[in-house]
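Residue numbers (our numbering): -13 to 192.
Here it is in structure tokens:
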């Protein structure tokens, strides 16, 4: 089969670029623990990111969809979330489970996280270890390293200086999210740079 391609003089048109997955997760979580109302535009309405929105709603944040990709998130402050009435299902989203664990590490109530069969096989020990060091209680399968996990946060978060065994934006972000409520500076040292979405967004949130 042969094709002939002829060049054109001018290419024009419009393309709508979807929102960024990593930024969308973090916008929902930071909005939930911020004081006041956050407006998020360009939110990626994919299943994983919608799981994060559902999770913060279950924890008491008010989420309003104003238009496609445009959400209003009313948060209650760093410790302003509330105990959910049911298990939070993270679906297949490891980002939801790991970053949410960082938020929950500072909330003084029990929350149960689960996911689909694939997510329940994925390791959670890399976030459980530092979050326990910060004062959270985390129990679950495989000595608390596999979903489902039950997490009870602490009202007095310990500051840590943590060295991660691998470069992981999710592990780093979980520690930083918990560190927002720590009594002192929290530092994370990585063997190599990982994505810095969380650091950039934390600065934007003040």
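Cβ atoms here follow ideal geometry from the backbone N, Cα and C, with glycine treated the same way.
Nearest-angstrom beta carbon gap, residue j and residue i [assumed within contact, 8 Å]
i	j	result
residue 136	residue 110	Residue 136 to residue 110, Cβ: 12 Å. No contact.
residue 45	residue 79	In fact, because the Cβ distance is near 16 Å, the residues do not count as touching under 8 Å.
residue 54	residue 21	In fact, because the Cβ distance is near 27 Å, the residues do not count as touching under 8 Å.
residue 153	residue 177	6 Å
Short Cβ contact (8 Å threshold) for residue i with residue j
i	j	result
residue 112	residue 149	no
residue 19	residue 64	yes
residue 143	residue 160	no
residue 42	residue 23	no
residue 117	residue 77	no
residue 96	residue 138	yes
residue 146	residue 119	yes
residue 94	residue 141	yes
Exposure label - residue i; buried when at least 16 CB within 10 Å
i	result
residue -3	exposed
Length of the line joining the Cα atoms of residue i and residue j
i	j	result
residue 71	residue 27	29 Å
residue 12	residue 82	9 Å
residue 134	residue 37	16 Å
residue 130	residue 114	7 Å
residue 75	residue -5	51 Å
residue 198	residue 29	The structure shown does not extend to residue 198, since the chain is modelled only from -13 through 192, so no value can be given for it.
- Message: So within the segment -8 to 64, which uninterrupted beta strand (DSSP E) runs reach at least 3 residues, ignoring any that extend past its ends?
- Response: 21 to 27, 48 to 53, 56 to 62
- Taking the runs of the beta strand (DSSP E) that are 3 residues or longer, which of them lie wholly in the segment 100 to 124? none
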